[in-house]
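Worksheet for the structure shown next.
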Amino acid sequence: MKPITIAIASGKGGTGKTLVATNLAVFVARTGVRMTLADCDVEAPNDHLFFDVHPDVSVVEVPIPEVLAGTCPEGCTVCRDTCRFGAIRMLGGGPVVFPDLCHSCGACVDVCPAGMLGERQVRVGQTGAGVVQDGLGLVMGQLDVGQMKAPTVIGATRERAGTEGADVVILDAPPGVACSAVATLHGVDFLVLVTEPTSFGLHDLVLMVELGRELKLPMAVVLNRVGTGVVDVAGYCQSEGIPIIARFPFDREVAACYADGGLLVDGHRLGHQWFSDLWESLREQLASIGSGVPA
Amino acid sequence: MIDLETMASVVISNDENRAGAEGAGIGAVELLAHHGAQAAIVTKVGPKAADAFRRAAIPVYMAAGLTVREAVTAFSRGELTRLDLG
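Okay, here's the thing in structure tokens:
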């Protein structure tokens, strides 16, 4: 059966995506639900810091065109003209491929009338998977240094998370609303937006809500660090009809626990209750959209 | 582009490349190559454009803080530094 997929995202970085994703995943796994947590922040994955993990690693590769030995037809620019991404340019009398711009669509290879283009596999990152604790599966995506194809690695991470036999998959999304966020969020069943009551927190939440609407996703907000600012996030959420399903305080003990690599569900006196309440609220949200979670 | 013998200049629009999200530099180099540029004078050059210049076999010279006329004159006298594009 296809798992229910919940993305934990935020426009602004550092609002608490990973805090919410890791603790929620562990809490839910302990209730007996088959759970996989997938770290889709492939440019800076850090979910694994909270677990003892020995991942099974697989390589993520993309096909990149290469010009084969031989001679192109005189004046031919078909491959260059076909590429929507400007990744092939006519330089020095023939086509030159710029791999960073290539989206691996294969169109250039298909249209070449002279069979002058082949493809080679280029490594762009890796995924890792392992069971960490309480039956919780952890899948991690990691983009290689110097590579630009984060969405490709995110796609591979999501695909792998979907094959781990889970009932529920939690995706820890990268910050922002650009390609990496879209790659993580499209097609998920529910979107949890983590924000904080600061100007930046609200500003980027608004962008995120716009993206969520564009992707037609049901969503709810977790308001983190309540007390660190006085911006009226609740007023915005109310006017937009988006429920706030949890409020976590700005709390030194949370920061201390987190900085120590600990989980709030184990290392904070209120952690278990917070995530129990959050999961209960989230289950109600999922039930209301017809995505019931097995008990 | 400037013809060194006559000092006649022609302006080529790079609008098509500027409109793209990425690849403006290499697109500009491709345009220059298409129009037969034999050398380029730049204030700076990005890594992809540098690669494109190298593949197009167009030598690149550095000129900062000069007017176009001053830069071209300096180039003609062999006073500009050629960039090593690797």
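Note that the protein sequences, when read in sequence, are chains A and B. With the working numbering, letter number 38 in the first sequence gets 38, and the count goes up by one each step, no holes. With the working numbering, letter number 68 in the second sequence gets 68, and the count goes up by one each step, no holes. C-beta atoms are modelled at their ideal positions from N, C-alpha and C, and glycine is treated no differently.
Between which two residues does the alpha helix (DSSP H) carrying residue i extend?
{"i": "D277 (chain A)", "result": "271 to 288"}
{"i": "D266 (chain A)", "result": "264 to 267"}
{"i": "P63 (chain A)", "result": "Where P63 (chain A) is concerned, there is no enclosing alpha helix (DSSP H), although the beta strand (DSSP E) it sits in stretches over 56 to 67."}
{"i": "F27 (chain A)", "result": "17 to 30"}
{"i": "L185 (chain A)", "result": "179 to 185"}
Does DSSP put residue i in a helix, in a strand, or in coil?
{"i": "V221 (chain A)", "result": "strand"}
{"i": "R77 (chain B)", "result": "coil"}
{"i": "M208 (chain A)", "result": "helix"}
{"i": "E253 (chain A)", "result": "helix"}
{"i": "D232 (chain A)", "result": "coil"}
{"i": "A63 (chain B)", "result": "coil"}
{"i": "T82 (chain A)", "result": "helix"}
{"i": "D15 (chain B)", "result": "helix"}
Between residue i and chain A, is the shortest Cβ-Cβ distance under 8 Å, so that the two count as touching?
{"i": "V11 (chain B)", "result": "no"}
{"i": "G23 (chain B)", "result": "yes"}
{"i": "R82 (chain B)", "result": "no"}
{"i": "A39 (chain B)", "result": "no"}
{"i": "I2 (chain B)", "result": "no"}
{"i": "K44 (chain B)", "result": "no"}
Is residue i close to chain B? Criterion is C-beta to C-beta, closer than 8 Å.
{"i": "V96 (chain A)", "result": "yes"}
{"i": "M116 (chain A)", "result": "no"}
{"i": "L91 (chain A)", "result": "yes"}
{"i": "G292 (chain A)", "result": "no"}
{"i": "D81 (chain A)", "result": "no"}
{"i": "L211 (chain A)", "result": "no"}
{"i": "G86 (chain A)", "result": "yes"}
{"i": "L101 (chain A)", "result": "yes"}
Determine whether the beta carbon atoms of residue i and residue j lie at a separation below 8 Å.
{"i": "E66 (chain A)", "j": "Q121 (chain A)", "result": "no"}
{"i": "T22 (chain A)", "j": "L37 (chain A)", "result": "yes"}
{"i": "L278 (chain A)", "j": "L19 (chain A)", "result": "no"}
{"i": "I170 (chain A)", "j": "I8 (chain A)", "result": "yes"}
{"i": "T127 (chain A)", "j": "R89 (chain A)", "result": "no"}
{"i": "G135 (chain A)", "j": "R213 (chain A)", "result": "no"}
{"i": "I64 (chain A)", "j": "F190 (chain A)", "result": "no"}
{"i": "V42 (chain A)", "j": "G106 (chain A)", "result": "no"}
{"i": "A39 (chain B)", "j": "L85 (chain B)", "result": "no"}
{"i": "P45 (chain A)", "j": "D52 (chain A)", "result": "no"}
{"i": "V60 (chain B)", "j": "V42 (chain B)", "result": "yes"}
For the beta strand (DSSP E) containing residue i, name the first residue and the last one.
{"i": "V96 (chain A)", "result": "94 to 97"}
{"i": "I6 (chain A)", "result": "4 to 9"}
{"i": "F53 (chain B)", "result": "Careful: F53 (chain B) lies outside any beta strand (DSSP E), inside the alpha helix (DSSP H) at 47 to 55."}
{"i": "I41 (chain B)", "result": "40 to 42"}
{"i": "A24 (chain B)", "result": "Here A24 (chain B) belongs to no beta strand (DSSP E); instead the alpha helix (DSSP H) covers 24 to 34."}
Would you say residue i touches the ligand MN, meaning its beta carbon is less than 7 Å from a heavy atom?
{"i": "G65 (chain B)", "result": "Absence of the ligand MN from the depicted structure is noted, as is the absence of any ligand whatsoever, leaving it without description."}
Whole beta strand (DSSP E) elements within the region 102 to 159 of chain A, 3-residue minimum: 117 to 133, 136 to 143
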